[in-house]
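Line order of the protein sequences matches chains A and B.
Letter 114 of the first sequence, counting from 1, is numbered 114 in our numbering, and no numbers are missing.
Letter 10 of the second sequence, counting from 1, is numbered 10 in our numbering, and no numbers are missing.
In this text, a Cβ means the ideal position worked out from N, Cα and C, and glycines have one as well.
Below you'll find the structure, written out as structure tokens, and then a few comments.
Protein chains: 2
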Amino acid sequence: MPEKRQKRYEETRDQLLEVAWAEFAANGFAQTSTENVVREAGVTRGALYYHFKDKTDMFRAVVDLAHIRILSRIEDASASAPSITEGLRRGCLAFLDACSSPDIRQIALIDGPSVLGWAEWREIDTKHGFGALRDGLTEAKRQKALRADADPMALAYLLSGAMNEAALALSDPELSKTRRSNLRRSMEAALLSMLAAFET
Amino acid sequence: MPEKRQKRYEETRDQLLEVAWAEFAANGFAQTSTENVVREAGVTRGALYYHFKDKTDMFRAVVDLAHIRILSRIEDASASAPSITEGLRRGCLAFLDACSSPDIRQIALIDGPSVLGWAEWREIDTKHGFGALRDGLTEAKRQKALRADADPMALAYLLSGAMNEAALALSDPELSKTRRSNLRRSMEAALLSMLAAFET
DNA sequence: TATAAAACATACAGCGTGTATGAAAATGGA
DNA sequence: TCCATTTTCATACACGCTGTATGTTTTATA
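So this is what it looks like as structure tokens:
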């Protein structure tokens, strides 16, 4: 893999992804025109369709990036946890925090399932945040830190869905600052209660 | 309000909504062309844009219809419950069942938030299923059947999100029959455990 | 240095949405 | 009953956007 070519290739691809991220986040997938993206990226349509199969394929790369960034936040928060259950708690709170970003909210939570379809969206999430949650719950059960009748996979779906909706509600732009912080407090408390309900 | 006119008006509108429901459910909002809808409905573009402001407005009516049908199932199930908490349990299970329909899954859960925006989608849901859940939780707290520190609004968001994701996972077409029924059992058990965690 | 491949630019075809305008049917009043 | 008006829908068209086909330039290779 040659030197100059790889550099140029990655530069334009990264530039496209950066602009696409901003456009998809600000206007949503449907309202984003590829012409705007290539213009702001300083290239043309040709470059876009050389790097990506189509508009959806470019969006897929942006969604993947969003989930990577979410997982990074989760791992940072839960890495130094003294126990598996404490790691789960810290990871969940970090997830809520990460999804407070309007960008991630729009890209990963709102448009992702609709544009890519639920199955593929879930598949991407399974490679990152959802997978970490599922693995954490499985490990907790192996350590007898979870109730014996708890199914880690079912729990992962329920908790993931609960946290996604909580993040959407918390990052609602129409929410006032004080209501947001109040809601966040009660959301976090209720979420931790849910987790505790399945611990031994 | 004249006789023949109202009848004709409602007939073509209902016909459009029926066809639109089927198309949106089968192919999703983006892949549905209004030309297909009007052709299968036996009318032309003119009729569509007379009854609805645009394609999104027609989808809005379909989403509203979906939520109405969901709420109907919930009310049927929880009406004769002997207690408020039992009503909540039956209502939640009925919601899961109602959203097993591929149509409602695609329309209300996947495309709804993306096409209408989260705020408007949530507003519609608040008029129906989500509102019923919130009111039920509020009433349960008033009856001291919920823990004093439980915030009904926060709980409604978390439980609603959990159930939506559970319904999406359970109605995944790629799922085998046995895995689906196994997953449903553990999902329902976990969901009831979540509810029980907040009861007194 | 010549040739091939990669990376991107340009031009164009086609589809789908929304709008503007026209036609038919139904109502209400004289 | 007949005419005027409104409702309800049909027709025609303009515009934007996506994807593809082809051309051009730069880089690697022999």
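Using a Cβ cut-off of 7 Å, pull out every chain B residue sitting near A/Asn-27, in sequence order please.
As a first step, residue 27 of chain A must be located in the first sequence, where it is residue number 27. Within 7 Å Cβ-Cβ: nothing; A/Asn-27 doesn't reach chain B, min ~11 Å.
Closest to A/Arg-147 by C-alpha separation, out of A/Glu-174, A/Val-38 and A/Thr-200, would be which residue?
Within the first sequence, the letter at position 147 stands for residue 147 of chain A. Minimum Cα distance to A/Arg-147 is reached at A/Thr-200.
Using the Cα positions of A/Gly-87 and A/Ala-140, report the straight-line distance between them to the nearest angstrom.
Residue mapping note: residue 87 of chain A aligns to position 87 of the first sequence, counting from 1. Residue mapping note: residue 140 of chain A aligns to position 140 of the first sequence, counting from 1. Taking the straight line joining both Cα atoms gives about 10 Å.
Restricting to Cα atoms, I'd like to know which of A/Glu-123, A/Ala-156, A/Met-194 and A/Val-63 is closest to B/Leu-155.
What you label residue 155 of chain B is simply residue 155 of the second sequence in a count that begins at 1. Residue A/Met-194 is the option with its Cα nearest to B/Leu-155.
Helix, strand or coil for B/Glu-120 per DSSP?
As a position in the second sequence, residue 120 of chain B is number 120, starting the count at 1. It is helical.
Under 8 Å by Cβ, that's how I've got B/Arg-185 and B/Leu-170 pegged, so tell me the actual separation to the nearest angstrom.
Sequence index remark: in the second sequence, residue 185 of chain B carries index 185 (1-based). Sequence index remark: in the second sequence, residue 170 of chain B carries index 170 (1-based). Actually they do not touch by this definition, with Cβ atoms about 11 Å apart.
Report yes if the C-beta distance between A/Ser-114 and B/Ile-110 is below 7 Å; otherwise report no.
Taking the first residue of the first sequence as 1, we reach residue 114 of chain A at position 114. Taking the first residue of the second sequence as 1, we reach residue 110 of chain B at position 110. Result yes, Cβ atoms of A/Ser-114 and B/Ile-110 sit closer than 7 Å.
What's the C-alpha gap between A/Arg-5 and A/Asn-36?
Taking the first residue of the first sequence as position 1, residue 5 of chain A is located at position 5. Taking the first residue of the first sequence as position 1, residue 36 of chain A is located at position 36. Going from the Cα of A/Arg-5 to the Cα of A/Asn-36 covers about 25 Å.
A/Glu-199 by DSSP, collapsed to three states: which one?
Within the first sequence, residue 199 of chain A is the residue found at index 199, counting from 1. The answer is strand: DSSP assigns A/Glu-199 an E or B state.
Name, going along the chain, the residues of the segment 138-162 of chain A whose beta-carbon falls closer than 9 Å to a beta-carbon of chain B.
Cβ contacts with chain B come from Arg-147, Asp-149, Ala-150, Asp-151, Met-153, Ala-154, Leu-155, Tyr-157, Leu-158, Leu-159, Ser-160, Gly-161 and Ala-162.
May I ask you to list, following chain order, the residues of the segment 119-130 of chain A that have a beta carbon less than 7 Å from some beta carbon of chain B?
Answer set for the segment 119-130 of chain A: Ala-119.
Taking the DSSP output, what are the residues bridged to B/Leu-191?
Counted from its first residue, the second sequence places residue 191 of chain B at position 191. According to DSSP, B/Leu-191 bridges with nothing at all.
Going along chain A, which residues have a C-beta under 9 Å from B/Ala-166?
One-based indexing of the second sequence puts residue 166 of chain B at position 166. Residues of chain A passing the Cβ test: Ala-154, Tyr-157, Leu-158 and Gly-161.
What do you get for B/Asp-135, buried or exposed, if any count of 16 or more other CB atoms within 10 angstroms of its CB means buried?
For this step, residue 135 of chain B is matched to residue 135 along the second sequence. The residue is exposed, with fewer than 16 neighbouring Cβ atoms inside 10 Å.
In whole angstroms, what separates the C-alpha of A/Ser-176 from that of A/Pro-102?
One-based indexing of the first sequence puts residue 176 of chain A at position 176. One-based indexing of the first sequence puts residue 102 of chain A at position 102. The alpha-carbon atoms of A/Ser-176 and A/Pro-102 are separated by roughly 15 Å.
Run through DSSP, which three-state label would A/Ile-175 get?
Here residue 175 of chain A corresponds to residue number 175 of the first sequence, with the count starting at 1. Correcting the residue identity first, residue 175 of chain A is Leu in this sequence and not Ile. Coil, per DSSP.
Whose CA, out of B/Leu-65, B/Leu-16 and B/Trp-21, lies closest to the CA of B/Ala-41?
The count along the second sequence starts at 1 and reaches residue 41 of chain B at position 41. Minimum Cα distance to B/Ala-41 is reached at B/Leu-16.
Can you list the residues of chain B that A/Ala-169 reaches, using a CB-CB cut of under 7 Å?
Working through the first sequence from its first residue, we reach residue 169 of chain A at position 169. Per Cβ cutoff of 7 Å: Tyr-157.
Would you mind giving the Cβ-Cβ distance between A/Leu-65 and A/Trp-21, rounded to the nearest angstrom? I have them listed as a contact below 8 Å.
Counting from 1 along the first sequence, the entry for residue 65 of chain A is found at position 65. Counting from 1 along the first sequence, the entry for residue 21 of chain A is found at position 21. At roughly 7 Å, the Cβ-Cβ gap stays under 8 Å, so A/Leu-65 and A/Trp-21 are in contact.
Check distances from the C-beta atoms of the segment 65-94 of chain A to those of chain B and list, in chain order, the residues that come in under 9 Å.
From the segment 65-94 of chain A, no residue has a Cβ closer than 9 Å to chain B.
Using C-beta distances below 8 Å, list every residue in its chain close to A/Gln-143, excluding the 5 sequence neighbours before and after it, in chain order.
Your numbering for residue 143 of chain A matches position 143 in the first sequence. Counting only Cβ-Cβ distances below 8 Å, and skipping sequence neighbours, we find Ile-84.
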